[in-house]
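**Q**
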Amino acid sequence: MAIIIFAIDDVDSRAPSKYTDWFGRHKFFPMGYLANGGSYMMEMFDKCFDKADFIKHVTAVVDLKNKDKNVTASCTVVISHTDESILLAFRPTYGVDEQNEEILTVAETTSFPGGGIVNKFYYNALMILWNGGIKDAFLTSKNKYSNYEIWITGHSMGGALSSLMAGYLVQMGYASSSAVKLMTFGEPRNGHKDFANRFPTLVPWAYRVVHHNDYVPHSIPQELGYQHHRNEIWYNNTMANGDPYIECDEPESLKCSNSVAPDKWSILDHGGYFDKKASCLKTASPMLF
Numbered sequence: 001m002a003i004i005i006f007a008i009d010d011v012d013s014r015a016p017s018k019y020t021d022w023f024g025r026h027k028f029f030p031m032g033y034l035a036n037g038g039s040y041m042m043e044m045f046d047k048c049f050d051k052a053d054f055i056k057h058v059t060a061v062v063d064l065k066n067k068d069k070n071v072t073a074s075c076t077v078v079i080s081h082t083d084e085s086i087l088l089a090f091r092p093t094y095g096v097d098e099q100n101e102e103i104l105t106v107a108e109t110t111s112f113p114g115g116g117i118v119n120k121f122y123y124n125a126l127m128i129l130w131n132g133g134i135k136d137a138f139l140t141s142k143n144k145y146s147n148y149e150i151w152i153t154g155h156s157m158g159g160a161l162s163s164l165m166a167g168y169l170v171q172m173g174y175a176s177s178s179a180v181k182l183m184t185f186g187e188p189r190n191g192h193k194d195f196a197n198r199f200p201t202l203v204p205w206a207y208r209v210v211h212h213n214d215y216v217p218h219s220i221p222q223e224l225g226y227q228h229h230r231n232e233i234w235y236n237n238t239m240a241n242g243d244p245y246i247e248c249d250e251p252e253s254l255k256c257s258n259s260v261a262p263d264k265w266s267i268l269d270h271g272g273y274f275d276k277k278a279s280c281l282k283t284a285s286p287m288l289f
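Each residue of the sequence shown is one higher than the one before, counting from 1 in the UniProt record's numbering.
1) What's the C-alpha gap between D53 and S259?
2) Return the chain-ordered list of same chain residues with a C-beta closer than 7 Å to the C-beta of S279, the five sequence neighbours on each side being excluded.
3) Check whether the segment 141–148 touches the segment 109–128, counting contact only when three or more Cβ pairs, one atom from each stretch, lie closer than 8 Å.
4) Is the separation between the beta-carbon of N124 and that of V170 shorter than 8 Å?
5) Does S85 come out as helix, strand or coil in the three-state DSSP assignment?
6) Give, in chain order, every unbroken run of the alpha helix (DSSP H) that is at least 4 residues long and sits entirely within the segment 49–75.
7) Count the other CB atoms within 10 Å of the CB of V96; is the residue buried (16 or more) or exposed (fewer)?
8) For M239, count the other beta carbons within 10 Å of its own beta carbon; 16 or more makes it buried, fewer makes it exposed. Which is it?
9) What did DSSP end up calling D263 once you bin it into helix, strand or coil?
10) Anyone know if the C-beta pair for residue 356 and H270 falls short of 8 Å?
11) To test your reading of the DSSP string, which unbroken alpha helix (DSSP H) runs of 4 or more residues are found completely within the UniProt domain "Fungal lipase-type" (88–222)?
12) Can you tell me which of the three DSSP states Y40 falls into?
13) Relative to the alpha-carbon of I103, which residue among A35, L129, V216 has its alpha-carbon at the smallest distance?
14) Name the one or two DSSP bridge partners that S80 has.
15) Quick check on G186: buried or exposed, where buried means 16 or more other Cβ atoms within 10 Å of its Cβ?
Next up, the structure:
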């Protein structure tokens, strides 16, 4: 099923009951930049939060083949008291070496806890981050603020790691399915059909946002057994403020971005989310936008 929705949203203090443009544009997407590390990370921390605690940033080498120090992944953990949430943000792909690694290992898979086949490179990267400090940071935060929601986000490769993280937390009993809120942007396929089909039982509040003709969500082919998890939010436009979007509740709906012919796919659209004008807003209860 596909539903065209115009981006006029009412927002509560926590994540809304369904996807809203406001939460994507002013919360989840810009919060993803916290995973970049360095001074920019702290700049975004100051822009995004009023009452918050910076908990942990981890960057680690995740190369499956040669331990190339240029093939890395990153995650940042923040507690937002304004949003009553624990945020895990994952960084997108950086550099040619990392892009090549993702391409060269695309056919390599591994088993996901509880069942399902997933991309080995992405799962390995997640486990390195998890065991490299994210686990302790998350559990410490969760034990202290057990009633807070778990917000997980990332762009590109960060989106692939985000959805695996969301499923892992629920599967392993670290969080309840109702507490986890996942929103990714330009996420590539990261698991086979068996994993994608059981994913909604683990993480029912999950949205893959896709911009227009973005190439990356299609870069890992279905011919290798991969399938996206639902739900897809497709902006068939520039994603300017107020632009409509289509929601598809099927994993690979031809009514959303799968309707775009391969010769129309664009890497430029991968970098143009929210018309490159997304900005964090600290407020938890805004007026209508």
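We treat Cβ as the ideally placed atom computed from N, Cα and C, and that holds for glycine. Remember, predicted model here, so these are calculated numbers, not experimental data.
**A** According to the structure data:
1) 42 Å
2) Short of 7 Å from the beta carbon of S279, and not among the five residues preceding or following it, lie these beta carbons of its own chain, in chain order: H26, P30.
3) By the C-beta criterion, the segment 141–148 is judged not to be in contact with the segment 109–128, since fewer than 3 inter-stretch pairs fall below 8 Å.
4) no
5) strand
6) Counting only unbroken stretches of 4 or more residues, no alpha helix (DSSP H) element lies wholly within the segment 49–75.
7) exposed
8) buried
9) D263 carries a helical assignment under DSSP once its states are collapsed to helix, strand and coil.
10) With the chain covering 1 to 289 only, the question about residue 356 has no answer from this structure.
11) 95–104, 120–129, 135–144, 157–171, 193–202
12) helix
13) V216
14) A52, S85
15) buried
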